[in-house]
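Notes for the one structure printed next.
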Amino acid sequence: MINFYQEQNKVRFEINQAAANRAGAKISSQWLKLARIVRLAGRRP
């Protein structure tokens, strides 16, 4: 759903929006603007 990771000495995050939707979590549009959006291959909603 949301994964935090370190890149170039900075903490960044990525969001799997499909997983968040399946879990019923609502992600703010501001977070979506800042995040790297991840789409995992092989799973269909």
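The sequence shown stops at residue 71 when you use the working numbering, and every number in between is there. Glycine included, C-beta positions come from ideal geometry on N, C-alpha and C. Quick caveat, the model's predicted, so the values are computed rather than measured.
**Alpha-carbon spacing of residue 55 relative to residue 66, whole angstroms** = Here residue 55 refers to the residue found at position 29 when the sequence shown is read from its first residue. Here residue 66 refers to the residue found at position 40 when the sequence shown is read from its first residue. Their Cα atoms are separated by approximately 20 Å.
**Message:** Alpha carbons only, please: which of 43, 34, 33, 49 is nearest the one belonging to residue 59?
**Reply:** One-based indexing of the sequence shown puts residue 59 at position 33. Closest option to residue 59, Cα to Cα, is 43.
**Counted within 10 angstroms of its Cβ, other Cβ atoms place residue 41 as buried (16 or more) or exposed** = By one-based count along the sequence shown, residue 41 stands at place 15. That one is buried.
**Prompt:** Can you list, in chain order, the residues of its chain whose CB lies under 6 Å from that of residue 46, leaving out five sequence neighbours each side?
**Reply:** The sequence position of residue 46 within the sequence shown is 20, counting from 1. Counting only Cβ-Cβ distances below 6 Å, and skipping sequence neighbours, we find 27, 53.
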